[in-house]
Amino acid sequence: MTRVFTCVTIVALSAGIARAGSHDFVIEHAGVGGTSQQAAPYIQKFLEHIEGALGWPKGSANGDFFPEPDADFKKFLADKKPGIGLIDPDQFLELQKLEGLSIIGTVFGKNQSLGHLNLVTTDAAIKGPADLKGKIIASTHLQEPKFLTRIVFDGKFDAKDFTLQKTVSMLKAVKAVSGGKADAALLSDEEVEWLKSPSSPYPTVKVVWTSPALPPMPVVAFNKNSTPAERDAFAKMLLGMCSDPKGAEVCKALDIQKFGPPDKTAYDAAMKKYSKIAK
Numbered sequence: 002m003t004r005v006f007t008c009v010t011i012v013a014l015s016a017g018i019a020r021a022g023s024h025d026f027v028i029e030h031a032g033v034g035g036t037s038q039q040a041a042p043y044i045q046k047f048l049e050h051i052e053g054a055l056g057w058p059k060g061s062a063n064g065d066f067f068p069e070p071d072a073d074f075k076k077f078l079a080d081k082k083p084g085i086g087l088i089d090p091d092q093f094l095e096l097q098k099l100e101g102l103s104i105i106g107t108v109f110g111k112n113q114s115l116g117h118l119n120l121v122t123t124d125a126a127i128k129g130p131a132d133l134k135g136k137i138i139a140s141t142h143l144q145e146p147k148f149l150t151r152i153v154f155d156g157k158f159d160a161k162d163f164t165l166q167k168t169v170s171m172l173k174a175v176k177a178v179s180g181g182k183a184d185a186a187l188l189s190d191e192e193v194e195w196l197k198s199p200s201s202p203y204p205t206v207k208v209v210w211t212s213p214a215l216p217p218m219p220v221v222a223f224n225k226n227s228t229p230a231e232r233d234a235f236a237k238m239l240l241g242m243c244s245d246p247k248g249a250e251v252c253k254a255l256d257i258q259k260f261g262p263p264d265k266t267a268y269d270a271a272m273k274k275y276s277k278i279a280k
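Laid out in C-alpha cells, this is it:
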C-alpha cells in the first residue's frame with residue numbers, strides 16, 4: 002500500500018500543477034510501482050487544492066508522469082517544454098545544464114527520497130562494494146550509472162565494476178538475492194525498514210554497506226519555460242500546503258510529510274561530485 006501511495010503522490014502532482022496553455026508539469030520517479038489508474042481517486046482533491054491556492058481557472062491543470070527516465074520522458078521534455086517538475090535526483094543532476102533546471106523545493110516523505118542506498122545480501126563473505134566486482138547487483142535504483150558511480154559509491158567504485166540487474170520492484174530484487182540469482186540488492190532506507198520488519202519473510206538478507214546520504218527529491222523549475230513570478234508563487238504555495246487545514250488533508254492522503262525549501266547544501270555537494278572529471 003505504501004508504494005502505491007508513492008505513485009499516487011507523483012501522479013496527483015502531475016494532474017494538479019501545470020497551467021493550461023504555455024506550461025505543463027512533468028513527473029519522473031523510478032521504482033515506485035503502481036499505475037495512473039490506481040491514483041485516480043486521489044487526483045481530483047489535489048487538483049482542486051492547487052488550482053484554488055494559485056488562483057488558476059478550474060480544470061486548467063495538465064501534466065504527465067513517467068515511471069522511468071526513458072525515451073518517452075525525454076520526448077515529453079522536448080515537445081511539451083514543461084515549466085515545473087518533480088524528478089529523481091539523478092535526473093536533476095543529469096539534465097540540469099541541458100534543461101536549465103533550478104530547484105524550488107524539496108519533498109519530505111520516506112517514500113519520496115531514498116535517504117541512502119544500502120547493499121543487502123545473504124553472503125557472509127560480502128562486506129561491501131569491493132567484494133561485488135564482477136557480481137550481480139539487483140535493484141530498482143539503477144537508472145543512471147553516472148549517479149551510482151559518483152554519488153552512491155562516492156567515486157570510489159564504478160558502476161561498470163558490477164553486473165547491474167534492473168528489477169521492476171524491490172521485492173523481486175530481494176527474492177533474487179534470497180534465491181541465489183543475484184549476489185546483492187541495492188535498497189533505499191524505506192525498503193530496508195520493511196526488510197528488517199517482523200513481517201519480512203527474508204530474515205537472512207542483511208545490510209552490509211550503506212552509501213553516503215543522498216540528495217532528496219527536488220521540485221524543479223525549467224527556467225526557460227517559466228517566469229520568476231510563477232516559480233516564486235509555486236514555491237511559496239508548497240511551503241504552506243501541508244500546514245494548511247485543507248492542504249494537510251491532501252498531504253496526508255498522499256503520504257507527504259511536508260514540502261520544504263531547496264536543500265542547497267546537499268545539491269551543491271552533489272553537483273560538485275557529479276561534474277567532476279573522471280580520472
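Residues in the sequence shown are numbered from 2 upward in steps of one, following our numbering. By construction, the Cβ of each residue, glycine as well, lies at the ideal position given by its N, Cα and C atoms. Note that the coordinates shown come from a computational prediction; the quantities given were computed from them, not determined experimentally.
Exercise. Out of curiosity, what's the CA-to-CA distance linking residue 86 and residue 111?
Worked result: Straight-line Cα distance between these residues: approximately 19 angstroms.
Exercise. Hey, residue 263 and residue 104 are a contact pair by Cβ (cut 8 angstroms); roughly how many whole angstroms apart?
Worked result: With 8 angstroms as the limit, residue 263 and residue 104 qualify as a contact, their Cβ atoms being about 4 angstroms apart.
Exercise. At what residue ranges does the stretch 44 to 111 contain a whole run of the beta strand (DSSP E), taking only runs of 3 or more?
Worked result: If we require 3 residues or more, the beta strand (DSSP E) runs fully inside the stretch 44 to 111 come out as 64 to 67, 85 to 88 and 102 to 109.
For this session: State the Cα-Cα distance for the pair residue 277 and residue 271, rounded to the nearest angstrom.
Result: Approximately 10 angstroms between the Cα atoms of the pair.
Exercise. What is the DSSP secondary structure of residue 154, reduced to helix, strand or coil?
Worked result: Coil at residue 154, not helix or strand.
Exercise. Do you know whose CA, among 242, 243, 77 and 220, lies nearest residue 232's CA?
Worked result: Selected option, being the one with the closest Cα: 220.
Exercise. Does the beta-carbon distance from residue 114 to residue 238 come in below 8 angstroms?
Worked result: No, the Cβ-Cβ distance between residue 114 and residue 238 is not below 8 angstroms.
Exercise. Helix, strand or coil: how does DSSP classify residue 32 here?
Worked result: Coil at residue 32, not helix or strand.
For this session: Can you give me the Cβ contacts of residue 143 inside the same chain, cut-off strictly under 6 angstroms, excluding the 5 residues immediately before and after it?
Result: For residue 143, the CB contacts under 6 angstroms within the same chain, skipping 5 residues up- and downstream, are 165 and 167 in chain order.
For this session: Within the same chain, show all residues whose beta-carbon is closer than 6 angstroms to that of residue 160, passing over the 5 residues directly before and after it, in chain order.
Result: When the five nearest sequence neighbours on each side are left out, the beta carbons in the same chain lying within less than 6 angstroms of the beta carbon of residue 160 are those of 146, 149 and 150, in order along the chain.
Exercise. Below 8 angstroms between beta carbons: does that hold for residue 106 and residue 223?
Worked result: Contact check for residue 106 against residue 223 fails: the beta carbons are separated by 8 angstroms or more.
For this session: Assuming residue 123 contacts residue 179 (C-beta within less than 8 angstroms), just tell me the rounded distance between them.
Result: Contact flag correct, Cβ pair sits at about 6 angstroms.
Problem set entry | Endpoints, the alpha helix (DSSP H) within which residue 241 is located | In the DSSP annotation of this structure, the continuous segment of the alpha helix (DSSP H) that includes residue 241 starts and ends at 229 to 242.
For this session: State the Cα-Cα distance for the pair residue 205 and residue 139, rounded to the nearest angstrom.
Result: Each residue's Cα considered, the two are about 17 angstroms apart.
Problem set entry | Closest residue to residue 156 among 25, 274 and 90 (Cα-Cα distance) | Selected option, being the one with the closest Cα: 274.
Problem set entry | Reduced DSSP secondary structure (H/G/I, E/B, other) of residue 261 | Strand.
For this session: Quick one: grab the DSSP three-state call for residue 219.
Result: Of the three classes helix, strand and coil, the one that applies to residue 219 here is strand, per DSSP.
Exercise. Since residue 172 and residue 90 are thought to touch, with beta carbons under 8 angstroms apart, how far apart are those beta carbons, to the nearest angstrom?
Worked result: With a Cβ gap of about 23 angstroms, residue 172 and residue 90 do not count as contacting.
Exercise. Beta-carbon separation of residue 127 and residue 183 under 8 angstroms?
Worked result: No Cβ-Cβ contact shorter than 8 angstroms links residue 127 with residue 183.
Problem set entry | Length of the line joining the Cα atoms of residue 14 and residue 28 | Reliability of the predicted coordinates at residue 14 is poor, the pLDDT of 48 falling under 50, and the value obtained from them is presented with this limitation in mind. Rounded to the nearest angstrom, the two C-alpha atoms are 8 angstroms apart.
Exercise. Buried or exposed: which applies to residue 201, given that a residue is buried once 16 or more other Cβ atoms fall within 10 Å of its Cβ?
Worked result: Classification of residue 201: exposed, given that the 10 Å Cβ count is below 16.
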